[in-house]
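**Student:** This is the structure I want to talk about, given as structure tokens.
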Amino acid sequence: MASKADRSFSSPMVNFQTWCDHLAWLSSDITDIPYPNTPCRRCGHPNENWFCLCCKTVLCGRYDNMHMIQHYEETNHSLVISCSNLLVWCYSCHSFIDHKVIPQLKAALLLSNASKDRSSSTKLENLDGLIADVDNLISTFSGFDLHQLDTHFCDELAMAKEGLQKIFDCDLEALADPKVQEEFLTHSATLISDDSCPIDLKVKLLSFQSNLSEEMSAFVEAQHELNKVSDLSASLAGQKFVLESTTSKYAEVKALFLAADKKHAKLTAKINAAPKAGIELFEDLAIVRMRRAEFEEKLGTIEGVITTARDRFVSDSSKLSTIKGLTNAAALLVTRRKSAWNSLRITYSNCASLGLHDEETYLVGF
Numbered sequence: 000m001a002s003k004a005d006r007s008f009s010s011p012m013v014n015f016q017t018w019c020d021h022l023a024w025l026s027s028d029i030t031d032i033p034y035p036n037t038p039c040r041r042c043g044h045p046n047e048n049w050f051c052l053c054c055k056t057v058l059c060g061r062y063d064n065m066h067m068i069q070h071y072e073e074t075n076h077s078l079v080i081s082c083s084n085l086l087v088w089c090y091s092c093h094s095f096i097d098h099k100v101i102p103q104l105k106a107a108l109l110l111s112n113a114s115k116d117r118s119s120s121t122k123l124e125n126l127d128g129l130i131a132d133v134d135n136l137i138s139t140f141s142g143f144d145l146h147q148l149d150t151h152f153c154d155e156l157a158m159a160k161e162g163l164q165k166i167f168d169c170d171l172e173a174l175a176d177p178k179v180q181e182e183f184l185t186h187s188a189t190l191i192s193d194d195s196c197p198i199d200l201k202v203k204l205l206s207f208q209s210n211l212s213e214e215m216s217a218f219v220e221a222q223h224e225l226n227k228v229s230d231l232s233a234s235l236a237g238q239k240f241v242l243e244s245t246t247s248k249y250a251e252v253k254a255l256f257l258a259a260d261k262k263h264a265k266l267t268a269k270i271n272a273a274p275k276a277g278i279e280l281f282e283d284l285a286i287v288r289m290r291r292a293e294f295e296e297k298l299g300t301i302e303g304v305i306t307t308a309r310d311r312f313v314s315d316s317s318k319l320s321t322i323k324g325l326t327n328a329a330a331l332l333v334t335r336r337k338s339a340w341n342s343l344r345i346t347y348s349n350c351a352s353l354g355l356h357d358e359e360t361y362l363v364g365f
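Quick look at the structure:
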């Protein structure tokens with residue numbers, strides 16, 4: 000039953016009947032013709048399928064699993080249209096039918112094309128607006144320069160011998176450890192009680208000892224705030240790269256989609272204008288429809304990537320703006336605390352050097 004239809008595809012010209020007794024069986028609510036890549040309802044075969052004009056079921060043809068032929072034998076639904084090239088075939092008449100004499104089909108084709116055109120136009124307008132929004136976000140983003148805070152985050156390897164010298168060979172972060180705090184307080188108390196300890200060193204040790212646990216907790220919390228800013232800045236840089244590269248890809252895919260859309264319109268006009276269009280035009284139209292569908296799918300993927308990156312960019316920018324004031328305060332606290340620590344360390348080093356030269360017992364054991 001389907002062999003004639005399948006063989007007819009190889010002819011350079013298709014002979015159409017202008018009437019068929021089975022047109023009365025057509026569904027009255029045909030509103031759309033499926034895309035060429037619509038799968039077979041029974042086996043999932045992805046292309047070269049047929050659409051039943053009676054019950055609107057998509058099934059595969061003779062050269063696949065013959066499910067449309069089986070459907071005809073089971074239901075006696077004679078009229079089908081190819082999802083690939085839009086040719087109409089009547090199984091009962093063993094002939095192609097001119098779709099121009101089928102009012103429901105002509106209206107469906109017009110509505111389908113108009114709907115897809117409007118949908119494509121709306122999608123492009125939405126994407127154009129999204130791209131403009133992203134461009135504005137990127138152009139107004141000033142970033143956040145952590146180097147301006149001058150907090151000097153660099154760890155030193157502890158090359159300590161013992162006591163305070165061991166602690167002073169570490170960065171201030173080491174003093175956040177309660178055990179190190181205890182050692183520092185013990186050694187400082189011993190040194191302060193020594194009459195030979197210079198007054199300048201005593202004053203700085205006493206000042207640094209004051210509320211040491213609370214001060215170090217505040218220092219650690221401030222560093223945590225600065226680390227959050229660093230992470231947000233890195234995230235923003237990554238999202239900015241994604242947005243810039245994806246918007247560039249959008250421009251490329253958009254151009255391909257518009258070119259396919261234009262070619263689709265030209266081929267459709269040629270087919271509608273020709274009394275008996277050649278099979279080549281239908282085959283070209285099927286290829287263009289599939290390419291246009293592929294580009295439309297890529298546009299949808301691009302829209303998803305841009306939307307996700309844009310939303311994360313906006314969220315991270317908002318977070319960065321919110322904590323910026325707190326970050327400046329944290330940076331000031333860290334800078335002051337490190338400055339006091341470095342000053343104490345230098346004073347201790349100078350005093351130790353002088354004491355070791357002048358008195359053999361000075362600072363021994365620390």
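What the sequence shown shows, in numbering that gives the first Met the number 0, is residues 0 to 365, in sequence order.
For each residue, glycine too, the CB sits at the ideal point set by N, CA and C.
For clarity, every value in this text was computed on a predicted model and none was experimentally measured.
(1) For C59, which residues in the same chain have their Cβ closer than 8 Å to its Cβ, ignoring the five residues on either side in sequence?
(2) Going by beta-carbon coordinates alone, are A369 and V287 separated by less than 7 Å?
(3) CA-CA distance, T307 and I32?
(4) Unbroken alpha helix (DSSP H) runs of length 4 or more, entirely within the stretch 313-345: which are they?
(5) Please report the residue range of the beta strand (DSSP E) in which N48 lies.
(6) Check whether the stretch 309-325 and the stretch 225-235 touch, using three or more Cβ-Cβ pairs below 8 Å as the test.
(7) In terms of alpha-carbon separation, which member of A273, E295, L332, V252 lies closest to H98?
(8) How is the alpha helix (DSSP H) around S81 delimited, first residue to last?
(9) Would you call F207 buried or exposed, if buried means 16 or more other Cβ atoms sit within 10 Å of its Cβ?
(10) Taking DSSP as the reference, what is the three-state secondary structure of C153?
(11) When DSSP labels each residue in this structure, what does G128 get in the three-state scheme?
(12) Please report the Cβ distance between K203 and T334, rounded to the nearest whole angstrom; I am assuming they are in contact, meaning their Cβ atoms lie under 8 Å.
(13) For A339, which residues in the same chain have their Cβ closer than 6 Å to its Cβ, ignoring the five residues on either side in sequence?
(14) According to DSSP, which residues form a beta bridge with W88?
(15) Does the distance from the CB of A329 to the CB of L225 come in under 7 Å?
(16) Between the C-alpha atoms of L85 and T300, what's the straight-line distance to the nearest angstrom?
(17) Just checking my contact of Q180 with L211 at CB under 8 Å: how many whole Å lie between their CB atoms?
(18) For the beta strand (DSSP E) containing V219, list its first residue and its last residue.
(19) Can you name the start and end residues of the alpha helix (DSSP H) that Y179 belongs to?
(20) Among the residues of its own chain, which have a CB less than 6 Å from the CB of F15, if the five just before and after it don't count?
(21) Give every residue of the same chain whose Cβ lies closer than 8 Å to the Cβ of I166, excluding the five residues on either side of it in the sequence, and list them in chain order.
(22) Which whole-angstrom value is the C-beta distance of L123 and K253, which I expect to be below 8 Å?
**Tutor:** On the basis of the coordinates in this document:
(1) C39, R41, C42, H44, E47, N48, W49, M65, H66, M67
(2) It is not possible to answer for residue 369, since the shown part of the chain is limited to 0 through 365.
(3) 32 Å
(4) none
(5) 48-51
(6) yes
(7) A273
(8) Not the alpha helix (DSSP H): S81 falls in the beta strand (DSSP E), residues 78-81.
(9) buried
(10) Confidence in C153 is poor, its pLDDT being 29 and thus under 50, which makes the residue's placement unreliable; the coordinate value appears in the next sentence. In this structure, C153 counts as coil in the three-state DSSP scheme.
(11) helix
(12) In fact, because the Cβ distance is near 17 Å, the residues do not count as touching under 8 Å.
(13) none
(14) V79, F95
(15) yes
(16) 28 Å
(17) 6 Å
(18) Looking at the DSSP string, V219 is not in any beta strand (DSSP E); the run it does join, the alpha helix (DSSP H), is 211-272.
(19) For the sequence presented, residue 179 should be read as Val rather than Tyr. Element bounds for V179: 177-191.
(20) F95, D97
(21) A159, A173, L174, V179, E182, F183, H186
(22) 7 Å
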